[in-house]
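Scroll down for the structure; my scribbles are underneath it.
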Amino acid sequence: MPKRVGSKCESDHSLPPQSRISRREFLSGAAGLAALLTLPSAASLVAGCGRRVGSGSGITIGLDRPITTLDPAMHRSRTVQAVVRNIFDGLVARTNDMKVVPELAESWEVVDDNTWRFIIRSRVKFHDGSSLSAEDVKFSLDRIITPAAVGGQSSPRKGLLGPVSEVEATGEHEVVIRTSEPFPILPDMLTFQEIVPAAYVREVGDQEFARSPVGSGPFRFVEWRQGERIVLERFPDYFGGCPGIPPLGPAHLARVTFKPIPEVATRIASLLSGEADIIQEVPSHSVRSIEKQARMDVAACPGTRTHYIGLNCTIPPFNDIRVRLAANHAVDLRPICDRVLGGYAKVIPGPLVPEAFSYHEGLANYEFDRSKAKSLLRRAGQLNVRVELDTESSDKELAEALAAQLSKAGFDVRVRVWKWDLLQPLLAGLKRCMFLTHWGNASLDPTDILVPLFRTGERGNFTGYSSKKVDALLISANTTFDPDARRDRFRQVQEILHAEVPAIFGIAKQEIYGVNSRVRNWSPRPDGMLPMHDVSVS
Amino acid sequence: MSTVELGLRTEAARRPTGLREFARSFCRNRLAVIGAVLILFFIGMALAAPWIAPHSPTETNLDRRLQAPFWAPGGSYDHPLGCDHLGRDLISRIVYGSRVSILIAVVVVSLTMLIGLVTGLLAGYFGGLLDAFISRIVDVLLAFPFLIFALAVTAALGPGLVNMILALVFKGWVEFCRVVRAETMSAKASDYVLAARSVGLSNVRILVGEILPNVVPSLIVLGTFNMAVVIIAESSLSFLGLGVQPPTPAWGSMVNDGRPYMLNAWWISTFPGVAVAALVLSINLMGEGLRDALDPRLRD
Amino acid sequence: MRLSFVSYRLVQLLPVLFGVALLVFLMMHITPGDPVELMLGQAGHATEEEIQALRHEYGLDRPLHVQFVSFMGNAMRGDFGTSFVHKQPVSAVIAARLPATVELTAFALLLAVAIALPLGIISAVRQYSFVDKAGTLGALVGISMPGFWLGIVLIIIFAVKLHWLPVSGRVEYGVGLDHVTGFYILDSILTRNGAAFWSALRHLALPAITLCAAMCAVSMRMVRSSMLEVIRQDYILYARAKGLPESVVVLKHALKNAMLPTITILAVQTGLLLSGNMIIETVFSWPGVGRLAVGAIEARNYPLIQAIVLLYALVYTGLNFGADVLYFVLNPRVRTR
Chain W
1 MPKRVGSKCE SDHSLPPQSR ISRREFLSGA AGLAALLTLP SAASLVAGCG RRVGSGSGIT
61 IGLDRPITTL DPAMHRSRTV QAVVRNIFDG LVARTNDMKV VPELAESWEV VDDNTWRFII
121 RSRVKFHDGS SLSAEDVKFS LDRIITPAAV GGQSSPRKGL LGPVSEVEAT GEHEVVIRTS
181 EPFPILPDML TFQEIVPAAY VREVGDQEFA RSPVGSGPFR FVEWRQGERI VLERFPDYFG
241 GCPGIPPLGP AHLARVTFKP IPEVATRIAS LLSGEADIIQ EVPSHSVRSI EKQARMDVAA
301 CPGTRTHYIG LNCTIPPFND IRVRLAANHA VDLRPICDRV LGGYAKVIPG PLVPEAFSYH
361 EGLANYEFDR SKAKSLLRRA GQLNVRVELD TESSDKELAE ALAAQLSKAG FDVRVRVWKW
421 DLLQPLLAGL KRCMFLTHWG NASLDPTDIL VPLFRTGERG NFTGYSSKKV DALLISANTT
481 FDPDARRDRF RQVQEILHAE VPAIFGIAKQ EIYGVNSRVR NWSPRPDGML PMHDVSVS
Chain X
1 MSTVELGLRT EAARRPTGLR EFARSFCRNR LAVIGAVLIL FFIGMALAAP WIAPHSPTET
61 NLDRRLQAPF WAPGGSYDHP LGCDHLGRDL ISRIVYGSRV SILIAVVVVS LTMLIGLVTG
121 LLAGYFGGLL DAFISRIVDV LLAFPFLIFA LAVTAALGPG LVNMILALVF KGWVEFCRVV
181 RAETMSAKAS DYVLAARSVG LSNVRILVGE ILPNVVPSLI VLGTFNMAVV IIAESSLSFL
241 GLGVQPPTPA WGSMVNDGRP YMLNAWWIST FPGVAVAALV LSINLMGEGL RDALDPRLRD
Chain H
1 MRLSFVSYRL VQLLPVLFGV ALLVFLMMHI TPGDPVELML GQAGHATEEE IQALRHEYGL
61 DRPLHVQFVS FMGNAMRGDF GTSFVHKQPV SAVIAARLPA TVELTAFALL LAVAIALPLG
121 IISAVRQYSF VDKAGTLGAL VGISMPGFWL GIVLIIIFAV KLHWLPVSGR VEYGVGLDHV
181 TGFYILDSIL TRNGAAFWSA LRHLALPAIT LCAAMCAVSM RMVRSSMLEV IRQDYILYAR
241 AKGLPESVVV LKHALKNAML PTITILAVQT GLLLSGNMII ETVFSWPGVG RLAVGAIEAR
301 NYPLIQAIVL LYALVYTGLN FGADVLYFVL NPRVRTR
């Protein structure tokens, strides 16, 4: 379980001693049962026994983004997935440590480079009483990868399944997935998809399904007042849950309410007034006002998003590598993380966060050296060059702090604040020379960030960086199943990027949540998911 | 165009108020006088900003981030109203911010008044196709929700002070045009205009000599209220992410910048908000006084 | 003659709505920003084929004039397309949130009238008195504060510190409110659900007060000035001369005639209020159309924003039209055109 990280919170003082012990109890017990739980019969045995289910207990969660749909295939929002993951299950899931574990799938094997076989768990029920079978798995995946399969619309999640080309139900509980090219990270990417009931969706239609969903998850849908709240209630016939994430059985909580509250001050107010028990996205400067309250606290965990300053390698002045190096020497990210972000951030030397696969520990940020920066600029003939640092309004402070640093080291920087919808087309057109932006990597696999950001011509490549070597490495890393080979190739990419500095790296902000002390057995996750199955309230 | 305006002015326009009567009537309204004095105070603040402000409004200092006002723990007399999220002195930003806010108000209202005056006079006096054309444009722009219009304009042109002014002007002139047009039409039907036309005076002379003086009082009153609206609109627009660029201080943007800090650093939003409220209130008070003093029908 | 006036005004609505539709279409499509890229967000990986396929599904690869004609043709049949973000029909998305906005606006209007009417009357009858000045001052203070600032302050005072009122939402969970019209106050009355009624009222309080603060000033000013105008009329003098008590003179004769311009201005104000809704709804996380609009522009959700703007324009022109007809019908003196 991830500890609460961050210089502000040294001890786990939000939860009283009893719950800490009970969590440890569960963990040790679960470790012992882990071997047994690989058998489905044993799992269902454990599911029913010894679980105190509090009746009438409910929890409210304040979300930072609006919920647009409850159809797991028709959104591209992490917040929506956090909600629907309580209504639906996936073939595989992630533990709090981001390890991939089987959920609806019992096991899987790689048949050959382009074929995978998944054994589906039996005796799983949907909320309407029907049983889950391979047919439902095939239906769910088909509607994502097939164009125009959802009421004439294509699923925007297709790209997450990459080269998956065909799904076949080869038995009552067996599914074969074929890919058009080797896809070693298929299990990692399947954590982003959920299984829906084929019969129910066909019966009510896609539009109605999005408004009134039926799934196999620990909570079933009760009501959705659009824009206001989503209410779920415990599903008593839940199959028990992912064996890798104990405890098993139906959920503790009787009711879960999600309320989208995009306005920061209002969201924090709802925590302070007791209306919300957990809130997402607490800005670091508000931590103190939450901690001051007796019954409330803050919980943080490492995030999966990388903030960086992109430098456009195709236009002056940053098309000159000396100027790019100068920019890297001009910036000291440590005091910025401490002061502007309240210590709730980490400095990273490249585009990957430390929790990501193949993170390269051997690389370090360029040392902070103003005179070196100035001399590099002088040699490049760009001393006191005028540049605009673009940023979104949410990162205004960060940009101002960085601009101040750069301006003291031979640059003349002015900050320009944009809304993302205006900035994106400019960046995509490679028109801006210096920009503070970010990219998310929820799968923690380098493919999802190195490819869009640094492969030639990709959708997130705003720096215009292009290297045949990097392109080749990125392609070859994803055609082999050998994790060591993959790791080696991704490390090479990171080394090349470090040498060619298309950007100033980087900051990994922590995800900060506000929690009411009545919440038990919940901790924040780097992928932003909010599984409520194991959570209880005192 | 609405018959409401017409209905409100069914009586023939009377002789416009003379200057001495206006001054006497205005000064009798104490609230209006207070308003006028406050406005002069703010204008003085704006003009004397470099001499009054204790610090630079744009210099950041992360050590002083979120520093409280002097009476709260952590505050100092050096920064009496505290510092904002980047450590910039709040008093200095408020003082300099008066320049930007007043500038925006004056520029926007002057431009909208001018455009509205010209189009309204033309539409109201000449009628016909010109009137129909201008009236349709006015109707369309009036029906278009303001914030969405401003968002779209700024989205097309990019964020910044000039573009924000443009967005405000594009939408603002229609208000003036409508009123001027109604006034022009009712003045056109009055006895002495008919007389002037029968004598053979040229259109321009009639417009400038007879109709304009009747229109101007309403225009001034409307313009005064519009200044208040523009100042509030500036903060509304910055709420939606379209305002002045940092580090330029402008009261509306400052109120919005402090929004995420309302629970732990309330002063960042509140003091500029008080400044906005004070300026807008004084403009409104003076506007009320102006209207009462200028409108012949409301004179005792 | 009456019918021709009404139909003349009605016909004038159509080019206005067409103009609005054209304007919003042009503004949105000419503005830079790709709806597909914005929907996919700043994370993960998507191929060029995928992006093009989505653009084709949204109809964005057709020439602009084709898109516009298709949009207008469908709009006239009531089909406003599918929201890029919600993946649901635009009319369903708006219909789910419209009652919230209407209820909030109506409530704010009611509050504003309840405050502005008596204040305006007293201010007019006792011009330059203390009540006049205090009323003017108070109402003007309301309009002088940025709405979002007032909203957050009210939340902090009444919800966080005092715990008197809730922070967000429209009604508490658990009161079991059945859905009849979507207007919670009305629904709770129709289903005789007392708990739901009070819960809905408590949730409406803060946003409505914030919204009405701005309206109050304008309404009060309007009531005052139209009362002032009416009071000087001859028939008021006549009523006084007949010996009628002052209250009857004011309430029966003067008010009746002053209401007319007031109502018409209120109608216009309500139309304008829909615009101001966007900010209040965002601050209070009120599930209305205004909040929807802000997100729709940022996501370049063309079908949704076009429909919302047309809706606002329809309401505004409709209210104006209604006010004109009312004025025309009740005030026979104004029949010139």
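Protein chains in written order, with my numbering: chain W, 1 to 538; chain X, 1 to 300; chain H, 1 to 337. Beta carbons are placed, not taken as given, at the ideal position from N, Cα and C, and that holds for glycine. None of these values were measured; they are calculated from a predicted model.
Around the C-beta of residue i, are 16 or more other C-beta atoms found within 10 angstroms, so that it is buried, or is it exposed?
i: residue 8/H; result: exposed
i: residue 386/W; result: exposed
i: residue 271/X; result: buried
i: residue 172/W; result: exposed
i: residue 277/W; result: buried
i: residue 76/H; result: exposed
i: residue 494/W; result: buried
i: residue 30/H; result: exposed
Am I right that residue i and residue j are in contact with their C-beta atoms under 8 Å? What's the rounded C-beta distance?
i: residue 76/W; j: residue 157/W; result: 7 Å
i: residue 496/W; j: residue 467/W; result: 7 Å
i: residue 42/H; j: residue 438/W; result: 6 Å
Chain H beta carbons: is any one of them nearer than 9 Å to that of residue i?
i: residue 210/X; result: no
i: residue 286/W; result: no
i: residue 439/W; result: yes
i: residue 156/W; result: yes
i: residue 270/X; result: yes
i: residue 426/W; result: yes
i: residue 288/X; result: yes
Can you look up residue i in the DSSP assignment and give me helix, strand or coil?
i: residue 301/W; result: strand
i: residue 546/W; result: Residue 546/W lies beyond the range of chain W shown here (1 to 538); nothing can be said about it.
i: residue 258/W; result: strand
i: residue 536/W; result: strand
i: residue 26/W; result: Confidence in residue 26/W is poor, its pLDDT being 42 and thus under 50, which makes the residue's placement too unreliable to answer from.
i: residue 31/H; result: coil
i: residue 145/H; result: coil
i: residue 62/W; result: strand
i: residue 420/W; result: helix
i: residue 165/W; result: strand
i: residue 232/W; result: strand
i: residue 433/W; result: coil
i: residue 175/X; result: helix
i: residue 135/H; result: helix
i: residue 168/H; result: coil
i: residue 146/W; result: coil
Quick one: does residue i have its CB under 9 Å from some CB of chain W?
i: residue 85/H; result: yes
i: residue 246/X; result: yes
Give me whichever residues DSSP pairs with residue i in a beta bridge.
i: residue 438/W; result: 307/W
i: residue 119/W; result: 107/W and 174/W
i: residue 414/W; result: 388/W
i: residue 43/H; result: 440/W
Within the 9 Å Cβ cut-off, does residue i reach chain X?
i: residue 160/H; result: yes
i: residue 272/W; result: yes
i: residue 68/H; result: no
i: residue 17/H; result: yes
i: residue 329/H; result: no
i: residue 4/H; result: no
Taking 8 Å as the line, does the beta carbon of residue i fall inside it for any heavy atom of the ligand SAH?
i: residue 362/W; result: Of ligands this structure carries none, so the ligand SAH is not represented either.
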